[in-house]
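If you count by mature numbering (1 follows the signal peptide of the UniProt record, and there is no 0), then the sequence shown holds residues -23 to -1, 1 to 252, one letter each, in order.
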Amino acid sequence: MSPRRRDLLVGSAALLAAGPASARIPDLELTGRFVQGGHAIGRTWPNALVFVDGEALSAASDAGWFVVGFDRDAPASVEIEVRSDRRSARRTLAIAGGSFRTTRIDGLPPSTVEPTDPALLERIRREVVLKTEGFASRTAADHFRDGFDWPLASYRITSPWGAQRVLNGTPARPHYGIDLAAPQGTPVLAPAAGRVALAEPDLHFEGGLVLLDHGQGLITAYLHQSRLDVRAGQEVVRGQALGRVGMSGRATGPHLCWRMKWRDRNLDPSLLVKS
């Protein structure tokens, strides 16, 4: 074999070896559910800064994955931009509007709708601080990238996400959760891996509450549990038991209220469930 042909073959082999590796990381790839309450899962350069409508809100993981959430009242379009060194890429997404029904719940104890007792109000203020700290958790993980499972093996949806609530005849804020009815004691399972950001067994409104951090400010919440099987700071894997279905807190029957937040935005967790 001539030296020139040998050099060409070696060069071609090097290109073939390097090509697929470099092609794995796109400038900006976005998939997901581009609707109010939905999300975008992105892939870009490792550790790139992520801007949403011009505001730096997050950073991609070491593998280049990131998530962006769209609130219930998200505008009709959202611009997502990534920046790394002197490189940048951006896309503008059209966000479809949601259709949110009204649900009414009667028979709740007045203290869970419009509390007035000073001692109870002080307790609620202390619990707000705990929940705020839990939702502020920011791990660098990207456990969201493979989608979620439902947190119960069997359930019946009794209240959809985003519904306008009327409690004891009084209009309340929208319901930022999905109510999944199931028998008392049904295991509540982690829909994806994460770190427990909060585990409180007896909050006034939420009852037994677990917050699970899936990375980059994407937090899921599990309300009204009768028993908790995890502790704050614990790492959990997909399918691990977080606790048991109950009716603690503001609840009229055994069910799990499943919620999701990305930073200060309320998201529909069912939209991340793998089909």
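Ideal placement from N, C-alpha and C gives every residue a C-beta, glycine not left out.
The Cβ neighbour count for Glu183, taken over all protein chains shown within 10 Å, is at least 16; the residue is labelled buried.
In the three-state reduction of the DSSP assignment, Ala33 falls in the strand class, which pools E and B.
Shown here, Ile101 sits in a helix according to DSSP, grouped into three states.
In this structure, Arg100 and His181 form a Cβ contact; the two beta carbons are roughly 6 Å apart against a cut-off of 8 Å. One thing to note: Leu205 has its Cβ no nearer than 7 Å to the Cβ of Gly223. Here the alpha carbon of Arg227 sits roughly 17 Å from the alpha carbon of Pro160.
Residue burial is scored here from C-beta neighbours: Ala167 has at least 16 other C-beta atoms within 10 angstroms and is therefore classed as buried. Judged by DSSP in its simplified three-state form, Arg122 adopts helix. Inclusion of Ser35 and Phe47 in the CB contact set at 7 Å is not warranted, their separation being larger than that value. Judged by DSSP in its simplified three-state form, Gly41 adopts coil rather than helix or strand.
Counting other Cβ atoms within 10 Å of its Cβ, Asp62 stays below 16 and is therefore classed as exposed.
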